[in-house]
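A.B. asks:
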Amino acid sequence: MNKVVLAYSGGLDTTCCIKWLQDKGFEVVCFSADLGSEFSPQDLRKRAIKGGVSKIYIKDLKEEFAKEYILPALGASAIYEGKYLLSTALGRPLIAKHLVGIAKCEKAGFVAHGCTAKGNDQVRLEVSIDMLNPKLKVIAPLREWELTSREQEIKYAKENKLPIRITKEKPYSIDKNIWGAALEGGSLEDLDKEPPGNSYYFFKPPREIPDKETYLEIGFQKGVPIKLNGEKFDLVDLIERLNKVGAGCGVGRTDLIEDRVVGIKSREIYEAPGAWILHTAHKELESLVLDRETLYFKESVSLKYAQLIYQGLWFSSFKKSLDGFVQNTQNAVTGNIGLKLYKGNIIIAKRFSPNSLYKKELATYGEGDKFDRKLAEGFIKLWTAPYINAK
Ligand code: ARG
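Quick note, my numbering runs 197 ahead of the 1-based positions in the sequence shown.
#1: Just mark LEU271 as buried or exposed, buried being the case when its beta carbon has 16 or more other beta carbons within 10 Å.
#2: Counting only the same chain and skipping the five closest in sequence on each side, list residues whose C-beta sits under 6 Å from that of ARG321.
#3: So for THR508, helix, strand or coil by DSSP?
#4: Grab the span of the alpha helix (DSSP H) containing ALA337 for me, first residue to last.
#5: Whole angstroms is fine: what's the gap from ASN330's alpha carbon to ILE454's?
#6: Can you look up VAL498 in the DSSP assignment and give me helix, strand or coil?
#7: By the 10 Å Cβ neighbour count, where 16 or more other Cβ atoms means buried, how is LYS611 classified, buried or exposed?
#8: Tell whether a beta-carbon distance below 9 Å holds between ILE375 and LYS259.
#9: Helix, strand or coil for ALA472? Go by DSSP, reduced to three states.
#10: Starting from CYS227, trace the alpha helix (DSSP H) both ways and give me its first and last residue.
#11: Under DSSP, the alpha helix (DSSP H) around ASP434 begins and ends at which residues?
#12: So, at 8 Å on beta carbons, what are the nonlocal neighbours of GLU261 in its own chain, with the 5 sequence-adjacent residues on each side left out?
#13: Can you list, in chain order, the residues of its chain whose CB lies under 8 Å from that of SER553, leaving out five sequence neighbours each side?
#14: Compute the beta-carbon to beta-carbon distance between SER274 and HIS476, rounded to the nearest angstrom, for a pair I have assumed lies under 8 Å.
#15: CB-CB under 8 Å to THR491, same chain, minus the five flanking residues each way: which ones, in chain order?
#16: Cα separation between GLN349 and ALA379?
#17: Is DSSP giving TYR237 helix, strand or coil here?
#18: Nearest CA to the CA of ASP389: which residue from ARG464, PHE400, VAL448, ASP434?
#19: Apply the 10 Å Cβ neighbour rule to ASN440 and answer buried if 16 or more other Cβ atoms are within range, or exposed otherwise.
#20: Helix, strand or coil: how does DSSP classify LEU203 here?
#21: The beta strand (DSSP E) that contains THR411, what's its start and end?
#22: Cβ-heavy atom distance between SER463 and the ligand ARG below 8 Å?
#23: Measure how close the beta-carbons of LEU339 and ALA314 come, nearest whole angstrom, since I'm counting them as under 8 Å.
#24: Looking at C-alpha atoms only, which residue of SER384, ARG362, PHE399, ILE361 is the closest neighbour of LYS373?
#25: Kindly provide the ranges of any beta strand (DSSP E) runs that are 3 or more residues long and lie completely inside the region 297-385, ordered along the chain.
#26: Going by beta-carbon coordinates alone, are PRO470 and CYS446 separated by less than 9 Å?
#27: Is it buried or exposed for PRO393, if we count other Cβ within 10 angstroms and need 16 for buried?
#28: Relative to the C-alpha of LYS540, which candidate in ASN317, ASP327, LEU218, GLY443 has its C-alpha closest?
#29: Who are the Cβ neighbours of SER519 in its own chain at under 8 Å, not counting the five residues just before and after it?
Right, dumping it as structure tokens:
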């Protein structure tokens with residue numbers, strides 16, 4: 198019998214996938230990656246077994262996610278289309294990597310996923326799988342099966358006695374991990390309406406956020422955030438703490454019309470409090486310690502880096518090349534950034550670095566000025582020279 202390893206989330210789609218694949222004659226093994234979702238491993242295991250699979254692998258991948266995926270993206274200051282810190286997109290290559298590994302252990306020739314034909318995730322998973330093991334065949338039931346609506350899937354699940362939670366119509370499609378939550382669908386598809394109150398996932402709507410200032414200090418070593426208010430934390434713990442604090446202050450929510458890989462524009466709400474706090478602090482520290490040309494060049498690298506994450510090219514050699522540049526820039530990124538969180542705003546309160554390139558004696562307009570004013574005139578003449586008479 199052909200064996201398939203299915204990337205299983207425990208939701209309606211992948212639960213239906215189990216039965217559908219079995220009906221096509223496959224032995225199904227499931228794999229669930231825990232990147233910080235709200236489902237417990239026990240619950241997932243129970244549901245998969247009830248759904249008829251003989252075996253399920255559940256892996257807590259939060260640490261690998263933080264160190265190998267989030268950290269490079271943070272170092273590269275990767276933001277997609279100005280508002281998305283790539284929580285979902287960063288998780289997919291990691292899931293693909295483990296899916297491929299399990300397929301090898303299980304001697305399975307097939308892997309399957311529950312992504313739709315319109316989304317980015319099918320691209321990210323399949324591109325990654327193909328790069329890691331081109332011999333594996335991928336099955337995407339949602340692109341082929343006859344179930345074209347949620348109602349039909351529920352009917353199919355009920356007829357086949359599959360373990361699904363029949364909740365009230367879920368208002369949105371949500372994907373969450375430690376780096377953020379993404380919400381789409383439902384009334385968010387109507388662009389002429391403000392996102393409703395129930396689209397606030399991590400946090401409260403702005404009017405309910407307490408009128409209180411919260412101070413934080415983040416310590417970085419070579420680009421890696423290692424301390425919060427002077428205390429050391431491992432990365433997962435740090436992100437989770439910042440998610441909590443940030444959500445309480447309403448920071449890190451964005452509303453984006455984004456360009457999907459498959460050419461569709463869609464609207465997504467992102468809530469990523471910890472990610473935005475770290476990103477803001479990290480960028481601030483870079484401004485202090487990196488020279489002008491490196492900073493300017495890094496802007497274009499950041500843009501490309503974000504696009505390649507979004508477009509599923511994590512395992513490309515292009516990414517490795519960009520990593521080379523980014524890693525070198527991070528050697529200087531050591532120091533502390535103080536932030537004040539207040540009603541949805543992240544305000545810079547303090548900057549310190551042993552590698553600071555800021556020289557107060559040159560910048561000051563007050564006492565202690567050491568800037569040689571006589572140099573300015575000649576400098577301006579030389580600076581202008583190449584442009585004079587240029588047609
Ligand atoms: N649009 C985002 C991306 O492609 C998030 C996708 C998952 N979103 C969701 N709400 N299920 O990375």
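All residues carry an ideal CB built from backbone N, CA and C; glycine is no exception.
C.D. replies: Result, derived from the coordinates:
#1: buried
#2: Closer than 6 Å at the Cβ level, and outside the excluded window around ARG321, lie ARG289, GLY509.
#3: Just to set this straight, residue 508 is Gln in the shown sequence, not Thr. GLN508 falls in the coil class under three-state DSSP.
#4: That residue, ALA337, is in no alpha helix (DSSP H); it is neither H nor E in DSSP.
#5: The straight-line gap from Cα to Cα measures roughly 34 Å.
#6: Correct three-state label for VAL498: helix.
#7: Nothing can be reported for residue 611: it is not among the residues displayed for the chain, which extend from 198 to 588.
#8: Yes, Cβ-Cβ distance for ILE375 and LYS259 is below 9 Å.
#9: helix
#10: Not the alpha helix (DSSP H): CYS227 falls in the beta strand (DSSP E), residues 224-231.
#11: 432-446 is the extent of the alpha helix (DSSP H) around ASP434.
#12: LEU291
#13: LEU485, VAL486, GLY532
#14: 7 Å
#15: THR526
#16: 25 Å
#17: Note on residue identity: the sequence assigns Ser, not Tyr, to residue 237. Of the three classes helix, strand and coil, the one that applies to SER237 here is coil, per DSSP.
#18: ARG464
#19: buried
#20: DSSP places LEU203 in strand when its eight states are reduced to three.
#21: 411-418
#22: Yes, the ligand ARG has a heavy atom inside 8 Å of this Cβ.
#23: 7 Å
#24: PHE399
#25: Listed in chain order, they are 307-309, 334-336, 370-374, 377-381.
#26: yes
#27: Exposed, since its Cβ has fewer than 16 Cβ neighbours within 10 Å.
#28: Out of ASN317, ASP327, LEU218, GLY443, GLY443 has the C-alpha closest to the C-alpha of LYS540.
#29: Note on identity: in this sequence residue 519 is Leu, with Ser being the wrong assignment. Cβ within range, chain order: ALA273, VAL498, LYS501, TYR502, LEU505.
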